[in-house]
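Right, one structure below, let's go through it.
Here it is as structure tokens:
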């Protein structure tokens, strides 16, 4: 600006407002950064707490005994801390859940992305969201008071607390996750690919299996990995309906305890602070944390590759 | 051209078309199955709570006698949790989103925070319970109070608010910011008066969904140490409390001993689902009414 008058006016305005404004301007990024660092601190806090108390635990129980031990009896006169029964319980319920959720979730994804008319899609999506929004405690109650008695009619040997029923219900819970994530991956496949295949005379089904799914594969697998991670970390359904049997068993018609259910049972019970049993919570929590973290990172890696691929 | 394309055979063509039709029916049936699960679940809760969900139940205090038990304490507890959680989550979540989208420079620090938030979003909620137990309950001496529970839940759902806030802020077109700068606004003025108002519907939608997720959470509260025994209705944020999901959990566990507790749990579930339904309806309403496309 060359005009003297406007420069003066500007100076005036600046002098009047600049100081307060500039101070505010300088303060704001710092404050916002502080807020952003809360989430970093939360992660750091989680890792630190789990690590510190796990170390206290491993000072009393050897790592081999923990990861190789087949016996878990934290409150016995001679306590045993083998995590294997919990790992088997966690993997069993998660596998059952995946056996339900993968076929159904994928079929829904295919239907919504490849077959359904736009209006049906717009109506179905909120309903699936509702299914995903139901609290897990409700699913837990549903598993215990409805699905278990229903299954008991088919399988007379089924116990009141078993791994099968919460596994299946956990599958219901995960269906929307797989349906929406792998559906997104399939919808992101350019329609030119579909049209090309259709023009060659392929049916919708052939287009889906030979063109769309291969193109969306890493996105679909990412949704599976994320689903397993969700199943492994799921707590209330198994805490209610799978019971608290801590012996190593592969019998899914009987009670099994998962890592998450162990943590819940022990904290709501009588874990006196400072005992080995109390610290075992953190060792189990740490194992769970590492499991889910690795799977989430793998899923993110896969879906990033998928996004670059298309 | 050596051989004709197999599709040329009419029999094969008929088979392929039939396969396509069958598959389509199967996909449709799977979708119907998911809807049926939702319908059965809701019908089951309604059936099991019939005759139990009445005014004395809603306004009564906890009791060992199922005929006299009420959930006023749990409702007050859940609202207390919301009272703590909502401001904390909103301020921290929106501030983090603004920082990441408007202030942070591209680089290691930004991608570190971003990765950290997506990792945090995948941490099982029961682990947040261990965090709350160690930091809020033991270290800060808050016990298993409403304050400790609300703060634990805030950290749990923070990533949801941040990520949806970021998406909403990113959707605000650049020309709005440029217009503000051209009018002489500073960066913070632009953010506060232009970007945030334009992004608010999206931010609020994500925020309400986060609140409804937190309201249904059980595991972190149980691990935090929310007690099992009968408590009076809390009257301060530092009081011990019970919340709807926790009460459902204990009634379900004890249904082995007293059958009627299952009915109480179902009735409490209906109340919880109604609360969540209201929250979600609000989110959809805000999205529909205020969402603008540029």
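Residue numbers (this note's numbering), protein chains in the order written: chain A, 25 to 334; chain B, 44 to 337. Positions of the beta carbon are idealized from the N, C-alpha and C atoms, including for glycine.
Cβ proximity to chain B below 7 Å picks out 196 from the stretch 187-198 of chain A.
With at least 16 other beta carbons inside 10 angstroms of its own, residue 294 of chain B counts as buried. Counting only the Cα atoms, residue 100 of chain A lies some 23 Å from residue 310 of chain A. Contact annotation for residue 302 of chain A against chain B: no contact, minimum CB-CB distance about 10 Å [criterion: below 8 Å].
Note: residue 105 of chain A is bridge-paired with A:96 in the DSSP secondary-structure output.
Residue 208 of chain A sits in a helix when the DSSP states are folded into three classes. Residue pairing by DSSP places residue 188 of chain B opposite B:283 in a beta bridge. Residue 250 of chain B has a beta carbon lying at 8 Å or more from every beta carbon in chain A. Only those residues of the stretch 220-240 of chain B whose C-beta falls short of 7 Å from the nearest C-beta of chain A are listed: 229, 230 and 231. A distance of 8 Å or more separates the beta carbons of residue 320 of chain A and residue 136 of chain B. Between residue 291 of chain B and residue 165 of chain A, the C-beta spacing is below 8 Å. Straight-line measurement puts the Cα of residue 161 of chain A at about 20 Å from the Cα of residue 183 of chain A. Residue 89 of chain B and residue 313 of chain B have their C-alpha atoms some 7 Å from each other. Contact annotation: in the stretch 171-183 of chain A, no residue has its CB less than 8 Å from a CB in chain B.
Chain A has a Cβ within less than 8 Å of the Cβ of residue 59 of chain B. Where residue 280 of chain A is concerned, there is no enclosing alpha helix (DSSP H), because DSSP gives it neither an H nor an E. Inter-residue distance for residue 326 of chain B and residue 143 of chain B is about 24 Å (C-alpha atoms, whole angstroms). Ranked by Cα distance from residue 112 of chain B, the first of B:121, B:102 and B:119 is B:102.
The C-alpha of residue 247 of chain A lies about 31 Å from the C-alpha of residue 131 of chain B. Across the stretch 201-216 of chain B, CB contacts with chain A closer than 8 Å involve 201, 202 and 205, in sequence order along the chain. For residue 244 of chain B, the enclosing alpha helix (DSSP H) stretches over residues 239-258. No Cβ-Cβ contact shorter than 8 Å links residue 251 of chain A with residue 192 of chain A. Between residue 181 of chain B and residue 284 of chain A, the alpha-carbon positions lie close to 21 Å from each other.
For residue 164 of chain A, the residues of chain B that pass the 9 Å Cβ criterion are 261, 291, 292 and 295, in the order they occur in the chain. Within chain B, the residues 166, 167 and 170 have their CB atoms less than 8 Å from the CB of residue 313 of chain A, given in chain order.
Here the C-alpha atom of residue 121 of chain B lies approximately 27 Å from the C-alpha atom of residue 282 of chain A. Between residue 172 of chain B and residue 281 of chain B, the CB-CB gap reaches or exceeds 8 Å.
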